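Undergrad:
Protein chains: 4
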Amino acid sequence: MSIQHYVLTLRCADAPGIIHAVSGALLSIEGNVLEQAQYTNERTGMFAMRTRFESESTDIEALRAHVEQATASFDPIITLRNEDDRHRVMIMVSQYDHCLVDLLYRQANGEIPMDVPVIVSNHEVCRPIAEQYGIPFRYIPVEKGAKEQAEDELRAVMAEFDVDAVVLARYMQILSNELCGELEGKAINIHHSFLPGFKGARPYHQAYDRGVKLIGATAHFVTGDLDEGPIIEQDVERVQHHHTAEELAQIGSDIERLVLARAVKLFAEDRVLLDGHRTVVFA
Amino acid sequence: MSIQHYVLTLRCADAPGIIHAVSGALLSIEGNVLEQAQYTNERTGMFAMRTRFESESTDIEALRAHVEQATASFDPIITLRNEDDRHRVMIMVSQYDHCLVDLLYRQANGEIPMDVPVIVSNHEVCRPIAEQYGIPFRYIPVEKGAKEQAEDELRAVMAEFDVDAVVLARYMQILSNELCGELEGKAINIHHSFLPGFKGARPYHQAYDRGVKLIGATAHFVTGDLDEGPIIEQDVERVQHHHTAEELAQIGSDIERLVLARAVKLFAEDRVLLDGHRTVVFA
Amino acid sequence: MSIQHYVLTLRCADAPGIIHAVSGALLSIEGNVLEQAQYTNERTGMFAMRTRFESESTDIEALRAHVEQATASFDPIITLRNEDDRHRVMIMVSQYDHCLVDLLYRQANGEIPMDVPVIVSNHEVCRPIAEQYGIPFRYIPVEKGAKEQAEDELRAVMAEFDVDAVVLARYMQILSNELCGELEGKAINIHHSFLPGFKGARPYHQAYDRGVKLIGATAHFVTGDLDEGPIIEQDVERVQHHHTAEELAQIGSDIERLVLARAVKLFAEDRVLLDGHRTVVFA
Amino acid sequence: MSIQHYVLTLRCADAPGIIHAVSGALLSIEGNVLEQAQYTNERTGMFAMRTRFESESTDIEALRAHVEQATASFDPIITLRNEDDRHRVMIMVSQYDHCLVDLLYRQANGEIPMDVPVIVSNHEVCRPIAEQYGIPFRYIPVEKGAKEQAEDELRAVMAEFDVDAVVLARYMQILSNELCGELEGKAINIHHSFLPGFKGARPYHQAYDRGVKLIGATAHFVTGDLDEGPIIEQDVERVQHHHTAEELAQIGSDIERLVLARAVKLFAEDRVLLDGHRTVVFA
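Chains as they are written, first to last, in the numbering used here: chain A, 1 to 283; chain B, 1001 to 1283; chain C, 2001 to 2283; chain D, 3001 to 3283.
1. Within the stretch 2224–2276 of chain C, note down every full alpha helix (DSSP H) run reaching 4 residues or more, in order along the chain.
2. Counting only beta-carbon separations shorter than 8 Å, does valine 2101 of chain C have a partner in chain B?
3. Does any residue of chain D have a CB that is nearer than 8 Å to the CB of lysine 2213 of chain C?
4. With a cut-off of 8 Å, does the C-beta of arginine 1278 of chain B fall near any C-beta of chain A?
5. Please check if any C-beta of chain B sits within less than 8 Å of the C-beta of threonine 3040 of chain D.
6. Using 8 Å as the threshold, is the stretch 268–283 of chain A in touch with the stretch 34–50 of chain A, meaning 3 or more CB pairs across them?
7. For histidine 285 of chain A versus isoleucine 119 of chain A, is the C-beta distance shorter than 8 Å?
8. Since I believe alanine 3187 of chain D is in contact with phenylalanine 3221 of chain D (beta carbons under 8 Å), could you give me their beta-carbon distance rounded to a whole number of angstroms?
9. Keeping to the same chain, check which residues put their C-beta closer than 6 Å to that of proline 113 of chain A; ignore five residues upstream and five downstream.
10. From leucine 3338 of chain D to isoleucine 2251 of chain C, what distance separates their C-alpha atoms?
11. Is methionine 1049 of chain B closer than 8 Å to alanine 1169 of chain B when the C-beta atoms are compared?
12. I need the boundaries of the beta strand (DSSP E) containing serine 1002 of chain B, first residue and last residue.
13. Assuming arginine 88 of chain A and aspartate 164 of chain A are in contact, meaning their beta carbons sit under 8 Å apart, how far apart are those beta carbons, in whole angstroms?
14. So, is the C-beta of histidine 3020 of chain D closer than 8 Å to a C-beta in chain B?
15. Nearest-angstrom Cα distance between glycine 216 of chain A and aspartate 227 of chain A?
16. To test your reading of the DSSP string, which unbroken alpha helix (DSSP H) runs of 4 or more residues are found completely within the stretch 121–167 of chain A?
17. For a contact meaning CB atoms closer than 9 Å, what does proline 16 of chain A contact in chain C?
18. Just reading off the alpha helix (DSSP H) that serine 2023 of chain C is part of, what are its end residues?
19. Under 8 Å, Cβ to Cβ, is there at least one residue of chain A near leucine 3258 of chain D?
20. Is the CB of isoleucine 1188 of chain B under 8 Å away from at least one CB in chain A?
21. Using 8 Å as the threshold, is the C-beta distance between tyrosine 3006 of chain D and asparagine 3122 of chain D below it?
22. Going along the chain, which residues of its own chain have a beta-carbon closer than 7 Å to the beta-carbon of histidine 205 of chain A, five neighbours each way excluded?
23. Distance check for serine 2055 of chain C and methionine 2003 of chain C, CA to CA, integer angstroms please.
24. Can you give me, in chain order, the residues of the stretch 168–201 of chain A that have a beta carbon less than 8 Å from any beta carbon in chain B?
25. Per DSSP, what kind of secondary structure is leucine 3195 of chain D in: helix, strand or coil?
26. Locate the beta strand (DSSP E) running through alanine 2217 of chain C, then write down its first and last residues.
27. Restricting to runs no shorter than 3 residues, where is the beta strand (DSSP E) found entirely within the stretch 2059–2120 of chain C?
28. Is valine 3167 of chain D closer than 8 Å to isoleucine 3232 of chain D when the C-beta atoms are compared?
29. Interface residues of chain C around histidine 3243 of chain D at Cβ under 8 Å?
30. Would you mind sorting glycine 3177 of chain D into buried or exposed? The rule is 16 or more other CB atoms within 10 Å of its CB.
31. Using a Cβ-Cβ distance cut-off of 8 Å, determine whether alanine 37 of chain A contacts chain C.
32. What separation, rounded to the nearest whole angstrom, lies between the Cα atoms of aspartate 2115 of chain C and leucine 2100 of chain C?
33. Going by beta carbon distance, what residues of the same chain come within less than 8 Å of threonine 1223 of chain B, once the five residues before and after it are set aside?
34. What first and last residue would you give for the beta strand (DSSP E) that runs through glutamine 36 of chain A?
35. Return the CA-CA distance between glutamate 61 of chain A and phenylalanine 47 of chain A, expressed in angstroms with no decimal places.
36. Below 8 Å on the Cβ atoms is my contact criterion, and I expect arginine 64 of chain A with leucine 80 of chain A to pass it. Report the Cβ-Cβ distance as a whole number of Å.
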């Protein structure tokens, strides 16, 4: 019988005994902890935990019931996933393809453990990339005043392909508050600036005008409050006075794809837990 | 006769022949170029140049006249300095002493070629540090509604010690527009955030609340428009979800002092030239 | 009754039930876990764990007995420390003072939670720095052929001041194999290169000759095998073709002090555990 | 008549008047300097310069003659290139494709101004990538004891496609001293470690065993002395104790492709000049 690998995450109000309860539950099912991380936010009293363990059991529902029972008094929010059941991630893109290309390359070589069942775009230009990887490509243009209809199409595609997460890989349309709400904690965006600096449009031109010495990118969860969602990952690169706004954009595209790739990988491995407007990242 | 080292900077509207005119002037006085950098801002048409050269001449006024004559048709703004005539920099500080301590250490060991004839503070706590280095310390408190009087005292101190530049090393009072105007291009501030993110007060608490994954610091020229002066240098450090706002401040203090030290060194070596709201940094 | 904070570390061969045993022991003494990290080296089978917890008990020996009893079957190596009982760290230095100055500054402002009961040097130049901080300074020169005698003096100083750890803050003498053995896991050195590049003397000159584009520093535990001890922390800084070896050394000194300060802080908080020639760092 | 852009590089023994001679030559042909950088190695006395200028002339041979005549007394090594005449770069690869994919992507989107007329490999696996970009792919296996023959094939391919530079994008065969000599200053290799650490095979496994906290990559010119050629660019990424050697390799592959891409771009823009075993990089 082969060994199964599971990832458990758990969030609840802090109280003594949580770790003991979880470790007891895992021990009783002969689970062996491979990796465990825990964090208590002393300001909010939130306890967060991620445990990766191995077990001979293939009955994930029995495992889940076991853990739920052992921790019931803490009333936690629990996720439990067999690592073989990968997240099904829909990638959305507009015209800039560097993030899409990078994610597909990393997915294909096994670096990011996820499935990409479908790619959606409001433009046709990235279709050949999808075809090259043999991934269905759905063109959903967003006509002026018809965002609602386009989003219904999106929802239908998500249902059709059983998608459980979305990555906006330089997708340039703003999602409605309603859709953002539905996707809470499940949709990741890459913003091409070091937030909270340079929110909004044309951030590299803003950065040029401001004369910054470093430019950056930010991967964050999507919320209705544009450019304000919980940050997952950020990074920067040094620039100089002689770089034009266009060169900043080119330098920035390297940071964008790296930052987005790291964020998606962290998400795909269930290492990112929401803590209000912030994230806990068990890297 | 010993060799003298000079630093020349020159800014003007771009036109063919500037470099040739300068190199000709230097050649005619048997100056030998050791280091030269040049930049043309193609958007604004500004030409900027910095040349470090050696010469046997000790007559700086003759050298200056020579260069001015050779470049007169370009109507440039010129600075020329014998490297032995170091900038006289007044350091201003409030209660946080880490930037002050760092600057004095680097000044004393020769890393930053400047003189520090006087230290000014609106608090008494840093007096022992000044005394340890044998530098006059002037306590100029800023009473409510009496900023004008305090700034007059500042001006008097600057005159008394023949100061030609000011470094605000975590000085927490806001200078008046008038004083900022007088100090244009001569006063450097360290802001404890990665501008333009987290302008204003308590930036580390803002950063904590926003859940950023990197924190930073920004050294910039002081202008009347608070936190908006031309940026000289920036850097960041990675932080994690478990860091409190206080820990961010502690981590940040390392970046602050490094960034400020780099900016002051660049300034002290005449490597920073203003280009509107931006800086040209010939590092 | 005030709350006490404790740090527990534990290393043993991996086996199911360790975390559960520890969390049970802490629970039974009404300890509340604030921070916990765990790592299993799947190649060597070593399990390592660090737990920071709070408890109303002030009886550390009773706590230790409790944990030892609960984990006896795993035969672990355990350390347990009340955070108020800080490590007593002797700093050794030769002539370059930047690391010493930096450590004392950080110790004094509370950033590094350790005591520095004594400073030892084979030169007199750093005595004023020690005096400024009111720390005893012992001058122990190392005469040619008399290293053994000097090291006996060192041992006597360590005993006199009840020292339990040593930091070599640019101490330029090589310790004997015997002394290295006695200090295993308790002595930290800063090497002014990015090991394993540029072992040995004059690493910045080696770096210059090799034309590297980044220079670095390495903090590591001292072992008899020079420059080969387990690495605790490293960092680098970008350099350019025009930097001389002397400038590399100056740029490098910033990295040295940052890297050493981080390593000492990690050590002072019991975050560094040995794993053969490698370290586990629960940052 | 359209404006032409030229890049001139010049190396010679330092002497007064070089800059003036060059600027005079450019002025006399109505060239306008857009970007100029200069460096004198005070240890070796080598003067190096790169000038990017615009001119209405399309007669590059006349321009070259003009510059050569004006600088003849300095006996310089000169290169002059119209930016539209891009370097013709042959990429060589074995089985790891991440650097190849990255270079082709950047070439295609205009980030790296070069032509890639042919791709050569000692394996077949990368053929589809070449086909996707419509670039001829030549399979040249290297049989044991038949390296000489394989290298003759290489030379023939280089001649056939009029190649003037070579990039080894994780090409795992060692070139003969003879071929290295022929390619001096024209062939760039990416080594998957932060040289001079971890020379030789399996550097990530070496890095794991040594327990380093940062891993890196190095792009360097190829020489007969393996892993010892002049370094063009390096960078690093932070790693932790829990990363396996395989994970180090995966993290490292991001650094490899970034470092190689930067080095190739610098080379393609004639920004890298040899200075003995070191490089001058006018970034």
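Quick reminder that beta carbons are idealized off the backbone N, C-alpha and C, glycines included. As the structure is a prediction and not an experimental result, all values here were calculated from the model.
TA: For this structure:
1. Runs found: 2245–2268.
2. yes
3. yes
4. Chain A contact via Cβ: present.
5. yes
6. yes
7. Absent from the model: residue 285 of chain A. The displayed extent of chain A is 1 to 283, so no value can be given.
8. 7 Å
9. Arg86, Ala268
10. The requested residue 3338 of chain D does not occur in the structure, where chain D is confined to residues 3001 to 3283.
11. no
12. Neither: serine 1002 of chain B is in no beta strand (DSSP E) and is coded neither H nor E.
13. 5 Å
14. yes
15. 14 Å
16. 127–132, 147–160
17. Leu2026, Leu2027, Glu2030, Gly2031, Asn2032, Val2033
18. 2018–2028
19. yes
20. no
21. no
22. Ala245
23. It is isoleucine, not methionine, that sits at residue 2003 of chain C in the sequence shown. Here the alpha carbons of serine 2055 of chain C and isoleucine 2003 of chain C stand approximately 6 Å from one another.
24. Phe194, Leu195, Pro196, Gly197, Phe198
25. Coil.
26. 2214–2221
27. 2077–2082, 2087–2093
28. no
29. Near histidine 3243 of chain D there are no residues of chain C at all, since even the closest Cβ is about 11 Å away, more than 8 Å.
30. The sequence given here has asparagine at residue 3177 of chain D, not glycine. Label assigned to asparagine 3177 of chain D: exposed.
31. Nearest CB-CB separation between alanine 37 of chain A and chain C: below the 8 Å threshold.
32. 14 Å
33. Cys1180, Glu1184, Gly1229, Pro1230
34. Going by DSSP, glutamine 36 of chain A is part of the beta strand (DSSP E) stretching over 32–41.
35. 24 Å
36. 5 Å
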